[in-house]
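Have a look at the structure below before the remarks.
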Amino acid sequence: MKVLVLPSWYPPYKGEFIQQQAEALAEQGHNVIVQSVERISPRELLRWLSAWCWLFSGRYTLSQEGPLTVARAPLPGIPKFYALYAELFAFKSKQVFKRYKKAMQYQPDVIHAHSLIWAGYAASKIAKMFPVNYVVTEHRGRFINNQYVNESEKKEMSLVQVKKALQGASKVLCVSSKLIPYLQKVCPEAKLEVLANMVDVDRFTMKRSTVHQACQFICVAHVTPLKGHETLLQAFANVASKDKDVSLTIVGDGWYLNRVKELAVELNLENRVNFTGNLTASEVVSVLQQADVFVLPSQYEAFGVVYIEAMSAGLPVIATNTGGAVDFVNKENGILVEPNNIELLANTMQYMRDNRAQYCSQTIAKQTKQRFSTVHIASQLSKHLRSVSEVK
Numbered sequence: 004m005k006v007l008v009l010p011s012w013y014p015p016y017k018g019e020f021i022q023q024q025a026e027a028l029a030e031q032g033h034n035v036i037v038q039s040v041e042r043i044s045p046r047e048l049l050r051w052l053s054a055w056c057w058l059f060s061g062r063y064t065l066s067q068e069g070p071l072t073v074a075r076a077p078l079p080g081i082p083k084f085y086a087l088y089a090e091l092f093a094f095k096s097k098q099v100f101k102r103y104k105k106a107m108q109y110q111p112d113v114i115h116a117h118s119l120i121w122a123g124y125a126a127s128k129i130a131k132m133f134p135v136n137y138v139v140t141e142h143r144g145r146f147i148n149n150q151y152v153n154e155s156e157k158k159e160m161s162l163v164q165v166k167k168a169l170q171g172a173s174k175v176l177c178v179s180s181k182l183i184p185y186l187q188k189v190c191p192e193a194k195l196e197v198l199a200n201m202v203d204v205d206r207f208t209m210k211r212s213t214v215h216q217a218c219q220f221i222c223v224a225h226v227t228p229l230k231g232h233e234t235l236l237q238a239f240a241n242v243a244s245k246d247k248d249v250s251l252t253i254v255g256d257g258w259y260l261n262r263v264k265e266l267a268v269e270l271n272l273e274n275r276v277n278f279t280g281n282l283t284a285s286e287v288v289s290v291l292q293q294a295d296v297f298v299l300p301s302q303y304e305a306f307g308v309v310y311i312e313a314m315s316a317g318l319p320v321i322a323t324n325t326g327g328a329v330d331f332v333n334k335e336n337g338i339l340v341e342p343n344n345i346e347l348l349a350n351t352m353q354y355m356r357d358n359r360a361q362y363c364s365q366t367i368a369k370q371t372k373q374r375f376s377t378v379h380i381a382s383q384l385s386k387h388l389r390s391v392s393e394v395k
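Start counting at 1 in the sequence shown, then tack on 3, and there's your number in this note's numbering.
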């Protein structure tokens, strides 16, 4: 099956998970071409000006990147004019596709777009020009937060464009069930289904096999207010005041890190909380192996890859009930809590500290790896794409 992948962002400018999915499809035997329209920031002045010069051209560069054929074309970013940028992204995508199609005598069986804005909207435009169906995978957590009803979000993304992308899609695959109600509000007739993200679960292994006296909680996340680090520290302070054998490791960096560190000092937790900063992928595996319980009290997560990674290492998790974790956290592998509830989180952390022996690390890791492995998710994605490609 010929699959054209349209990403809204793609390496080296984020989007490693999109690349991973495309490579997994190629390994399933599909002929996969990635068409990446790359947003060039005005900060890169020369490249930005060059992108303007080639705006109305279908010019692209073509390269073989592992199992993938990748066509790249630059597009100048336009700060604050987000709806206009979405139109330019769609226009550029059409131009590149038209030129590539003619040069290579190429006709995809199906288009797989990642995120309604911008690639999903671009796919809807391409589908009107050429006889091809498209599927969109939606990753954006802001839909869960329902910020599309807020004025600030309307400025960033046009609901009209989002709705058009939803209306034209043969399927919209949501990475969690929490996305569905909000997308239905935008477009009630949209064909919405759930397909989880694939995670590189095989790189996570367990090290500890016995429960010991001390208990180390760990949080891995980019440090922003939405991730709930302040709630976590205040809840942990409650637990630590009663138990000298608990500790907390916070992995990650971000613009809000200094404020979180200041709060740790205010709560007299300097000797109980370890801030590691950013770690490499292998270092994250190592620190997860040394921990006992994973906790991340986010305001929302579209999916929550870090929960899956922690569970792949055999850790029980404490997650919030406002995002993707509701689809996979259960009584056998963790506990769901409300966001911003310090007392509830503290009680849950204390319960997990006292009862973590009830959670079987081997079972948690095995079930997680079976459900979210690259091979399993790629197989499910292939079925969705094939079912759409066969509808004329």
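Glycine included, each C-beta is placed from N, C-alpha and C at the ideal position.
These figures come from a predicted structure and were not determined experimentally.
Do residue 307 and residue 328 come within 7 Å of each other at the CB atom, strictly closer than that value? Cβ atoms of residue 328 and residue 307: closer than 7 Å.
Any beta carbon of chain D sitting closer than 7 Å to that of residue 43? The structure shown contains no chain D; it is built from a single protein chain.
Are there three or more Cβ pairs, one per stretch, closer than 8 Å when the stretch 165 to 182 is compared with the stretch 254 to 261? No contact exists between the stretch 165 to 182 and the stretch 254 to 261.
To which residues of the same chain is residue 140 closer than 6 Å at the C-beta, ignoring the five residues directly before and after it? Within the same chain, and ignoring the five residues on either side of residue 140 in sequence, the residues whose Cβ sits closer than 6 Å to its Cβ are 117, 176.
Please name the residue in 196, 249, 129, 43 whose C-alpha comes closest to that of residue 171. The residue with the shortest Cα to Cα distance from residue 171 is 129.
Here's a check: name, in chain order, each residue in its chain whose Cβ is nearer than 7 Å to the Cβ of residue 287, leaving out the five neighbours to either side. Apart from the 5 residues on each side of it in sequence, residue 287 sits with its Cβ closer than 7 Å to the Cβ of 223, 254 in its chain, given in chain order.
CB-CB under 8 Å to residue 110, same chain, minus the five flanking residues each way: which ones, in chain order? Taken in chain order, the residues that qualify are 5, 104, 133, 135.
In the DSSP assignment, find the unbroken alpha helix (DSSP H) run with residue 242 in it and report its ends. Where residue 242 is concerned, the enclosing alpha helix (DSSP H) stretches over 232 to 243.
Going by the DSSP bridge assignment, what does residue 66 pair with across the sheet? Note: residue 66 sits in a beta bridge opposite 73.
Let's see if you can read the secondary structure: which residues bound the alpha helix (DSSP H) around residue 167? First-last of the alpha helix (DSSP H) with residue 167: 162 to 171.
One or two residues paired with residue 116 in a DSSP bridge: Per DSSP, 9, 139.
Tell me which residues share the same chain as residue 66 and place their Cβ nearer than 6 Å to its Cβ, disregarding the 5 neighbours each side in the sequence. Exclusion of the five residues before and after residue 66 leaves 73 as the residues of its chain whose Cβ lies within less than 6 Å of its Cβ.
CA-CA distance, residue 60 and residue 46? If I take the Cα positions, the gap works out to 22 Å.
Curious, which full-length beta strand (DSSP E) runs of at least 3 residues does the stretch 305 to 370 contain? Qualifying beta strand (DSSP E) stretches, in chain order: 320 to 323, 337 to 340.
How many angstroms separate the CA atom of residue 366 from the CA atom of residue 282? For residue 366 and residue 282, the distance between alpha carbons rounds to 27 Å.
Quick one: is residue 312 buried, meaning 16 or more other Cβ sit within 10 Å of its Cβ, or exposed? Label assigned to residue 312: buried.
Beta-carbon separation of residue 362 and residue 300 under 7 Å? In this structure, residue 362 lies away from residue 300, with their beta-carbon atoms at least 7 Å apart.
Rounded to the nearest angstrom, what separates residue 332 and residue 392 at their Cα positions? Rounded to whole angstroms, residue 332 to residue 392 spans 33 Å at the Cα level.
Under three-state DSSP, which class holds residue 277? It is a strand residue.
Can the beta-carbon of residue 124 be found closer than 7 Å to that of residue 93? Going by C-beta atoms, residue 124 is nearer than 7 Å to residue 93.
Under the three-state DSSP convention, the category residue 28 falls into: Under the three-state reduction of DSSP, residue 28 is assigned to helix.
Can you give me the Cβ contacts of residue 80 inside the same chain, cut-off strictly under 8 Å, excluding the 5 residues immediately before and after it? Cβ within range, chain order: 42, 43, 44, 45, 51, 88.
Need the endpoints of the alpha helix (DSSP H) that residue 218 sits in, please. Segment 218 to 223 is the beta strand (DSSP E) holding residue 218; no alpha helix (DSSP H) there.
Please classify residue 191 as buried or exposed, where buried requires at least 16 other C-beta atoms within 10 Å of its C-beta. Residue 191 comes out exposed.
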